[in-house]
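The numbering of the sequence shown is our numbering, which starts it at 444 and goes up by one. Ideal Cβ placement from N, Cα and C applies to all residues, glycine included.
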Amino acid sequence: VTTLEALAAQAKETFPGRAVLAALDAGREEIHAALYDEASVLIYGPAVTTLWQAAAMAVDRFPVLAGTAATQIASSAGRAFDIGPT
């Protein structure tokens, strides 16, 4: 089980039935991210992406955000998101 999978699983406990974007701040303006749909099926990643790309994915899918990059993604997206474990 990867860290991103574990974060998504924890977020699913608090927000069942929701998509989850698990994302870690990797430094150097990079984000390690994985997106899971409402049934916990991996639909993106795990991959290295940019903050801008992660924010665009969040706006498109409106998932629960989890991980150390969650608040950065929400801020960059310019809207409120439910935040899971960080």
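Taking DSSP's pairing of strands, which residues face residue i in a bridge?
| i | result |
| --- | --- |
| residue 525 | In the DSSP output, where bridge partners are listed per residue, residue 525 has none listed. |
| residue 474 | 468 and 492 |
| residue 507 | 463 |
Decide if residue i is buried, meaning its Cβ has at least 16 other Cβ atoms within 10 Å, or exposed.
| i | result |
| --- | --- |
| residue 527 | buried |
| residue 518 | exposed |
| residue 510 | buried |
Grab the span of the alpha helix (DSSP H) containing residue i for me, first residue to last.
| i | result |
| --- | --- |
| residue 492 | Careful: residue 492 lies outside any alpha helix (DSSP H), inside the beta strand (DSSP E) at 485-493. |
| residue 513 | 513-520 |
Taking the beta strand (DSSP E) that residue i belongs to, which residues open and close that run?
| i | result |
| --- | --- |
| residue 462 | Taken as a continuous stretch (DSSP letters only), residue 462 belongs to no beta strand (DSSP E), as it is neither H nor E. |
Rounded to the nearest angstrom, what separates residue i and residue j at their Cα positions?
| i | j | result |
| --- | --- | --- |
| residue 485 | residue 462 | 10 Å |
| residue 516 | residue 480 | 18 Å |
| residue 524 | residue 458 | 12 Å |
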